[in-house]
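A.B. asks: So the mapping is simple: this note's numbering equals the position in the sequence shown, first residue as 1, plus 2.
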Amino acid sequence: MRSLSRLVLYACVLLAVSCVKAPPETSTAGTTRAAHSGPVRIGFSMDTLKEERWQRDKELVEQRAKEDGADLDVQVANGDDAVQTKQADNLLTKGVDVLIVAPHNGEIAASIVEAAHRKGVPVIAYDRLIMNSDVDLYISHQVARIGEMQAEYALQHVPKGNYVLIGGSPTDYNAILLRQGQMTVLKPAIDRGDVKIISDQFAREWKAEEALRITEDALTRTGNNIQAIVASNDGTAGGAISALEAAGLGGKVLVTGQDAQRDAVQRIVKGTQTMTIYKPIRTLAFDAVDAAIKLARKQPVNAPDKINNGKKDVPAILLEPIVVDKNNVDSTIIKDGYHTREEIYGH
Ligand code: BGC
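What follows is the structure in structure tokens.
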């Protein structure tokens, strides 16, 4: 066994990629998990199914687990940290071999990692990073890059003007990474005086109503003089667009987004939302399930990227996002079957 893991280690060094190994099983208070021969048991702890994308994540994780012959138990916390922690505990008590966690709060979820590791159960952070913890693997898209893409798109189309920045939930590290990416790109234009930031806020719980309020406030303060809204996802873009429409500015202000959710893509072809970021969820979900099975079996997982979570460099798989506007909806989202032509154009 020892020589096998040494071999794996050498292979990883040779391939120059980081390989993730499951944590050793520790026996606490006389409880060691007995190795079992049946299918791998995966627990998937989700924050929410609110945004359309998460329903897709759930369905695709279920599909892949079935294809791979794994048992899957999915729990959804509906935005409640106490519920998510309890559901994760229950999954561990039921004896899952590995946990996939899409955390509501990236800091609080560190306790889930600790509880899992006490039982020798590896944890994958799904889409959102789990902070200050010894989490085994992070699978997501290149989140800071998404922020850059949103800002690059905005600057290319509106090189000068008044901007509103609408971030996501501050308890979701993705919201922070997005803002970092956006600011990297916008800073030189701000310093030159080309771009003026009218409002720079985060929408609690990624709520559309918060985005609506932030936009209304910015419109009032400037006498409707806003040229671009860098909204961090499609939900907040929707809120911003409602405020613009109420002010008679629908389609006249550039609005970014993320997720390629159906209503947002409909708005893009209609002209009220300018762009979104398309993240093909299938790859994310399938990679997560495949990696979970490997970790549960104590097999190495190739993780070409890494990201610091405040405690360590977490081995990561970071997938590529795609910019979508009305010019490439057909050749991306519709071509992939993410939405059908009829769903988007109505015919
Ligand atoms: C995800 C986005 C999603 C948002 C709200 C983020 O962590 O990356 O895709 O829109 O959460 O659920």
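Just so it is clear, CB atoms sit at the ideal spot from N, CA and C, and this is done for glycine as well.
#1: Starting from the C-beta of Leu157, find all residues in its chain whose C-beta is less than 8 Å away, skip the five residues before and the five after it, and write them out in chain order.
#2: Spell out whether any CB of chain D is found under 9 Å from the CB atom of Thr276.
#3: Per DSSP, what are the beta-bridge partners of Pro317 in this structure?
#4: Looking at C-alpha atoms only, which residue of Val257, Gln263, Arg55 is the closest neighbour of Gly273?
#5: Hey, is Thr258 close to the ligand BGC, as in C-beta under 8 Å from one of its heavy atoms?
#6: Closer than 8 Å: is that where the CB of Thr95 sits relative to any heavy atom of the ligand BGC?
#7: If you follow the beta strand (DSSP E) that Ala230 is part of, which residue opens it and which one closes it?
#8: So for Cys14, helix, strand or coil by DSSP?
#9: Is the beta carbon of Glu218 sitting closer than 9 Å to the one on Ala248?
#10: Closer than 7 Å by C-beta to Gly149: which residues in its own chain qualify, once you throw out the five before and the five after it? Chain order, please.
#11: Out of Arg264, Val145, Thr276, state which residue places its alpha-carbon closest to the alpha-carbon of Thr342.
#12: So what's Tyr140 in DSSP terms, helix, strand or just coil?
#13: Taking Cβ positions, are His119 and Asp136 nearer each other than 9 Å?
#14: Compute the Euclidean distance between the alpha carbons of Val325 and His38, then round it to the nearest angstrom.
#15: Can you tell me whether Gly108 is buried or exposed? The criterion is at least 16 other CB atoms within 10 Å of its CB, across all chains shown.
#16: Enumerated in chain order, which unbroken segments of the beta strand (DSSP E) with a length of 3 residues or greater are wholly contained in the region 172-196?
#17: Which value, in whole angstroms, describes the spacing of the CA atoms of Asn226 and Ala67?
#18: So within the region 91-166, which uninterrupted beta strand (DSSP E) runs reach at least 3 residues, ignoring any that extend past its ends?
#19: In the DSSP output, which residue or residues are listed as bridge partners for Arg43?
#20: For Val257, which of helix, strand or coil comes out of DSSP?
#21: Find out if the Cβ-Cβ distance for the pair Leu286, Asp138 is shorter than 9 Å.
#22: Output needed for Leu51: all residues of its chain with C-beta closer than 6 Å, excluding positions within five of it in sequence on either side, in chain order.
C.D. replies: Taking the definition as stated:
#1: Counting from one through the sequence shown, the residue named residue 157 turns up at place 155. Correct list, in chain order: Val187, Leu188, Ala191, Val197.
#2: Within the model displayed, chain D is absent; a lone protein chain is all it includes.
#3: Here residue 317 refers to the residue found at position 315 when the sequence shown is read from its first residue. DSSP output for Pro317 lists Lys308 as bridge partner(s).
#4: Taking the first residue of the sequence shown as 1, we reach residue 273 at position 271. Of the listed residues, the one whose Cα sits closest to Gly273 is Val257.
#5: Taking the first residue of the sequence shown as 1, we reach residue 258 at position 256. For the ligand BGC, not one heavy atom lies less than 8 Å from the Cβ of Thr258.
#6: In the sequence shown, the residue the question calls residue 95 occupies position 93. No; taking the cut-off as 8 Å, the Cβ of Thr95 has no heavy atom of the ligand BGC nearer than that.
#7: In the sequence shown, residue 230 corresponds to position 228, counting from 1. Its beta strand (DSSP E) spans residues 230-233.
#8: Start at 1 with the first residue of the sequence shown, and residue 14 comes out as number 12. Since pLDDT at Cys14 reaches only 44, below the 50 mark, its modelled position is unreliable, and the value read off the structure follows with that caveat. Note: Cys14 maps to helix in three-state DSSP.
#9: Counting from 1 along the sequence shown, the entry for residue 218 is found at position 216. Counting from 1 along the sequence shown, the entry for residue 248 is found at position 246. Yes, Cβ-Cβ distance for Glu218 and Ala248 is below 9 Å.
#10: As a first step, residue 149 must be located in the sequence shown, where it is residue number 147. So the qualifying residues of the chain are Leu179, Leu180, Arg181, Gln182, Gly183, Gln184.
#11: Reading the sequence shown from its first residue, position 340 is the one you call residue 342. Looking at the Cα atoms, Arg264 is the closest of the given residues.
#12: To locate residue 140, count along the sequence shown from 1; it is residue 138. Looking at Tyr140 - three-state DSSP - the assignment turns out to be strand.
#13: On the sequence shown, residue 119 is found 117 positions in, with the first residue counted as 1. On the sequence shown, residue 136 is found 134 positions in, with the first residue counted as 1. The answer is yes: Cβ separation under 9 Å.
#14: The residue you call residue 325 lines up with position 323 of the sequence shown. The residue you call residue 38 lines up with position 36 of the sequence shown. Straight-line Cα distance between these residues: approximately 45 Å.
#15: Here the question's residue 108 lines up with position 106 in the sequence shown. Classification for Gly108: buried.
#16: none
#17: The count along the sequence shown starts at 1 and reaches residue 226 at position 224. The count along the sequence shown starts at 1 and reaches residue 67 at position 65. The alpha-carbon atoms of Asn226 and Ala67 are separated by roughly 50 Å.
#18: 100-104, 125-128, 139-143
#19: The sequence position of residue 43 within the sequence shown is 41, counting from 1. For Arg43, which the question treats as bridged, DSSP gives the partners Asp73.
#20: Position 255 of the sequence shown, counted from the first residue, corresponds to residue 257. Residue state, collapsed to three classes: strand.
#21: Position 284 of the sequence shown, counted from the start, is the residue given in the question as residue 286. Position 136 of the sequence shown, counted from the start, is the residue given in the question as residue 138. In this structure, Asp138 does not lie closer than 9 Å to Leu286 by Cβ.
#22: Taking the sequence shown and counting its residues from 1, one reaches residue 51 at position 49. Once the five neighbours on either side are set aside, the close Cβ partners of Leu51 are Gln57, Val78.
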